[in-house]
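**Q** My questions will all concern the structure given below.
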Amino acid sequence: LKMVKIEEKLKRLEKALAENPTDTNLMNELALEYFLNPKSLQDNEDIKLLEKAYQTNKTVKSTHNLAWFYYEGYGENSSIERAMEIQQECISMNPKSYYPYHLYGVLLLINDQNSEAIKYLEIAYLKEKCRDIANDLGVAYAKSRNFEIAKDYLMAAAKVNDIEYKSKYNLAITKIQLNEKEDALTIAEEFKKLIIDGVDNFDTIDGFSVAYLYYLLDDQDTAYACCKTCDGHNYDLLSWEFIPYLIYKNDIQLFQKLIVSKIEKKKTWIKENKDNHEYWKDDTEEEKQQELAEYESEITRLRNLEAEFALGKPNIDINDSYFLEYCGCLLFGCPEHNNLEDDE
Numbered sequence: 003l004k005m006v007k008i009e010e011k012l013k014r015l016e017k018a019l020a021e022n023p024t025d026t027n028l029m030n031e032l033a034l035e036y037f038l039n040p041k042s043l044q045d046n047e048d049i050k051l052l053e054k055a056y057q058t059n060k061t062v063k064s065t066h067n068l069a070w071f072y073y074e075g076y077g078e079n080s081s082i083e084r085a086m087e088i089q090q091e092c093i094s095m096n097p098k099s100y101y102p103y104h105l106y107g108v109l110l111l112i113n114d115q116n117s118e119a120i121k122y123l124e125i126a127y128l129k130e131k132c133r134d135i136a137n138d139l140g141v142a143y144a145k146s147r148n149f150e151i152a153k154d155y156l157m158a159a160a161k162v163n164d165i166e167y168k169s170k171y172n173l174a175i176t177k178i179q180l181n182e183k184e185d186a187l188t189i190a191e192e193f194k195k196l197i198i199d200g201v202d203n204f205d206t207i208d209g210f211s212v213a214y215l216y217y218l219l220d221d222q223d224t225a226y227a228c229c230k231t232c233d234g235h236n237y238d239l240l241s242w243e244f245i246p247y248l249i250y251k252n253d254i255q256l257f258q259k260l261i262v263s264k265i266e267k268k269k270t271w272i273k274e275n276k277d278n279h280e281y282w283k284d285d286t287e288e289e290k291q292q293e294l295a296e297y298e299s300e301i302t303r304l305r306n307l308e309a310e311f312a313l314g315k316p317n318i319d320i321n322d323s324y325f326l327e328y329c330g331c332l333l334f335g336c337p338e339h340n341n342l343e344d345d346e
C-alpha cells in the first residue's frame, strides 16, 4: 500500500513538472521523493533533477541542495570537490539560514581547511546553537591548536545529546593537549568501564579508541587491555600505528603472526588481481596497476614495522583522531526531517 501511495505521488509530481517545466521547487520536491524512496530509482533521477534545478535557476535552495547531495551522495554521486565548488556559489548569495554555512564549514573541515571552516561554522552557530556545529567547531579549533576555545565548544557539545560520546571523546584528547591529564583520565576511565564491563556497546567509541586515550596518557598496559576487547584480526595494522606497537610491546609472537598473515593476504590479492579474478573484473588496467603498486608498498611497510618499533614509539598525528559530526540532513524541503522549505 505504501509503495502504491509513493508511486501515485511520484506520478502526480511528474505530471505537475511536465506542465511547469521550469519550476525548480517542483524539481526539488520530486528529487527528494525519489531520494527518500530509493526503490523507485531507476537512473539516478534524484541527482538529475537536482542538477536540472541548479542549471535552470541558481538559488540558495537549488545550489545548496545539490551540494549537500554530492557531499552525502553514494557511489558515483559522491564528490567532495564538486560539493565544495557548488557550495561556494551558494555562500556568495549570502544565505539567511544556517544550513549552507553549516554544510560549507563541514566540507572545509573534511578538506583540512580549518581556519576557513571556523569562519563559516561560527556563522552557522550564531544562527543555530546546534550540538553538531559546536562539536565540529571544537574539532576545527583543536586542529588549529586553539585548545582553550576548542575545550569550551566541546564541553557545550558534550552536554547535549552526545549519544555516541563523540564530543566527550574529543574533549578528552583536547584536555590531554592542554595537559589537564586528570580530567582526561576521568573520561578515559568512564569509557573503559563501558567497553570492558560491557555496560554499553556503542559503534563509535570502541576498545581501540579508548586504548588511544590511555596511550596518549602514557599508560600502555591499560591501553593494551582495551585493545584486546577488539578483534585485532580484522585490523589492517597500517592505520593507527599505536595498535600494532602495543601488540609488539606486549606479545611479540602475536605481532609477528599478524604481520605474516596480513602479508599473505595481500600476496593473495596480488595474485588474484594478476589472474583477473572476478572481483577485479570491472577495473581498468590502470586501476589494477595502481592497486598492485599499493599492495606492494603496504607489504614493504608491514615488513619494516618491527624494525621501526624497535627504535621507539611511532609518530602519531593527534589531528587524525578527532570525531566529526557530519551535518545530517540539511536538505531544504525535506519532509522526513521537517526541514526549512527554503532559505528563510
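Read left to right, the sequence shown gives residues 3 to 346 (the working numbering).
Ideal Cβ positions, reconstructed from N, Cα and C, are used throughout, including at glycine.
Provide the residue span of the alpha helix (DSSP H) that contains Thr26, from first to last.
**A** Residue numbering aside, residue 26 sits at position 24 when the sequence shown is read from its first letter. Looking at the DSSP string, the run of the alpha helix (DSSP H) that includes Thr26 is Thr26 to Leu38.
**Q** Leaving aside the five residues before and after Tyr127 along the sequence, list all residues of the same chain whose C-beta is less than 7 Å from its C-beta, in chain order.
**A** Taking the first residue of the sequence shown as position 1, residue 127 is located at position 125. Answer for Tyr127: Ile135, Ala136 and Leu139, listed in chain order.
**Q** Just to confirm the assignment, what range does the alpha helix (DSSP H) spanning Asn172 have?
**A** As a first step, residue 172 must be located in the sequence shown, where it is residue number 170. Where Asn172 is concerned, the enclosing alpha helix (DSSP H) stretches over Lys168 to Gln179.
**Q** With distance defined between alpha-carbon atoms, name the residue in Ser323, Cys232, Asn79 and Asp322 nearest to Ile198.
**A** Along the sequence shown, read from residue 1 onward, the residue named residue 198 stands at position 196. Taking only the C-alpha atoms, the option nearest Ile198 is Cys232.
**Q** With a threshold of 16 other CB atoms inside 10 Å of the CB of Ala33, please say whether the residue is buried or exposed.
**A** In the sequence shown, residue 33 corresponds to position 31, counting from 1. Buried, because 16 or more other Cβ atoms sit within 10 Å of the Cβ of Ala33.
**Q** Look at the alpha carbon of Asp220 and the alpha carbon of Val212, and state the distance between them as a whole number of angstroms.
**A** Taking the sequence shown and counting its residues from 1, one reaches residue 220 at position 218. Taking the sequence shown and counting its residues from 1, one reaches residue 212 at position 210. Taking the straight line from one Cα to the other gives about 13 Å.
**Q** Given a cut-off of 8 Å on the beta-carbon distance, is the pair Phe244 and Tyr281 in contact?
**A** On the sequence shown, residue 244 is found 242 positions in, with the first residue counted as 1. On the sequence shown, residue 281 is found 279 positions in, with the first residue counted as 1. Contact flag unset, no.
**Q** First and last residue of the alpha helix (DSSP H) that includes Phe334?
**A** The sequence position of residue 334 within the sequence shown is 332, counting from 1. Run containing Phe334: none; DSSP gives neither H nor E here.
**Q** So does the segment 271-291 actually touch the segment 322-335, counting three or more Cβ pairs closer than 8 Å?
**A** Cβ pair count under 8 Å is below three, so no.
**Q** Just checking, does the segment 292-302 make contact with the segment 61-69 on the three C-beta pairs under 8 Å criterion?
**A** Touching, no.
**Q** Using 10 angstroms around the beta-carbon of Lys17, count the other beta-carbons present and answer buried if the total reaches 16, otherwise exposed.
**A** Counting from one through the sequence shown, the residue named residue 17 turns up at place 15. So Lys17 counts as exposed.
**Q** What is the residue span of the alpha helix (DSSP H) that Leu12 lies within?
**A** Taking the sequence shown and counting its residues from 1, one reaches residue 12 at position 10. It spans Lys4 to Glu21 - the alpha helix (DSSP H) in which Leu12 sits, taken as one unbroken run.
**Q** For Trp271, which of helix, strand or coil comes out of DSSP?
**A** Counting from one through the sequence shown, the residue named residue 271 turns up at place 269. Residue state, collapsed to three classes: helix.
**Q** Based on Cα-Cα distance, which residue from Tyr36, Leu51, Ala20 and Thr24 lies nearest to Lys7?
**A** The residue given as residue 7 occupies position 5 in the sequence shown. The option with the nearest alpha carbon to Lys7 is Tyr36.
**Q** Could you round the C-beta distance between Asp345 and Ser99 to whole angstroms and report it? I think they count as a contact, below 8 Å.
**A** Within the sequence shown, the letter at position 343 stands for residue 345. Within the sequence shown, the letter at position 97 stands for residue 99. Indeed they touch by this definition, with Cβ atoms about 5 Å apart.
**Q** Rounded to the nearest angstrom, how far is the Cβ of Ile82 from that of Ile112, given a contact under 8 Å?
**A** Position 80 of the sequence shown, counted from the first residue, corresponds to residue 82. Position 110 of the sequence shown, counted from the first residue, corresponds to residue 112. With a Cβ gap of about 6 Å, Ile82 and Ile112 count as contacting.
**Q** Taking the C-alpha atoms as reference points, what is the distance between Ala225 and Lys195?
**A** Taking the sequence shown and counting its residues from 1, the one referred to as residue 225 is at position 223. Taking the sequence shown and counting its residues from 1, the one referred to as residue 195 is at position 193. The alpha-carbon atoms of Ala225 and Lys195 are separated by roughly 13 Å.
**Q** Can you check which of these residues, Ile320, Gly335 and Ile88, is closest to Lys177 by C-alpha distance?
**A** Numbered from its first residue, the sequence shown carries residue 177 at position 175. Looking at the Cα atoms, Ile320 is the closest of the given residues.
**Q** Around the C-beta of Asn172, are 16 or more other C-beta atoms found within 10 angstroms, so that it is buried, or is it exposed?
**A** Taking the sequence shown and counting its residues from 1, one reaches residue 172 at position 170. Counting Cβ neighbours within 10 Å, Asn172 comes out buried, since at least 16 surround it.
**Q** So the alpha helix (DSSP H) Cys92 belongs to, where does it begin and stop?
**A** Numbered from 1 along the sequence shown, position 90 holds the residue referred to as residue 92. Element bounds for Cys92: Ile82 to Ile93.
**Q** Mark Arg133 as exposed unless 16 or more other C-beta atoms lie within 10 angstroms of its C-beta, in which case mark it buried.
**A** Mapped onto the sequence shown, residue 133 falls at position 131. Buried, by the Cβ-count rule.
**Q** Are the CB atoms of Leu105 and Gln89 nearer to each other than 8 Å?
**A** One-based indexing of the sequence shown puts residue 105 at position 103. One-based indexing of the sequence shown puts residue 89 at position 87. Yes, Cβ-Cβ distance for Leu105 and Gln89 is below 8 Å.
**Q** Could you tell me which of Leu304, Arg305 and Lys269 sits nearest to Leu294, measuring between CA atoms?
**A** As a first step, residue 294 is located in the sequence shown; it is residue number 292 there, counting from the start. The residue with the shortest Cα to Cα distance from Leu294 is Lys269.
**Q** According to DSSP, is Cys132 helix, strand or coil?
**A** The count along the sequence shown starts at 1 and reaches residue 132 at position 130. Coil at Cys132, not helix or strand.
**Q** Apart from the five residues just before and just after Ser169, which ones in its own chain have a Cβ nearer than 6 Å to its Cβ?
**A** Along the sequence shown, one-based indexing puts residue 169 at 167. The residues are Asn137, Leu156, Ala159 and Ala160.
**Q** I'd like the span of the alpha helix (DSSP H) that includes Tyr73, first residue to last.
**A** Indexing the sequence shown from 1 puts residue 73 at position 71. Per DSSP, Tyr73 belongs to the alpha helix (DSSP H) from Val62 to Glu74.
**Q** Would you kindly report the start and end of the unbroken alpha helix (DSSP H) that includes Lys305?
**A** Position 303 of the sequence shown, counting from 1, holds the residue named residue 305. Contrary to the premise, residue 305 reads as Arg rather than Lys in this sequence. Its alpha helix (DSSP H) spans residues Glu287 to Ala312.
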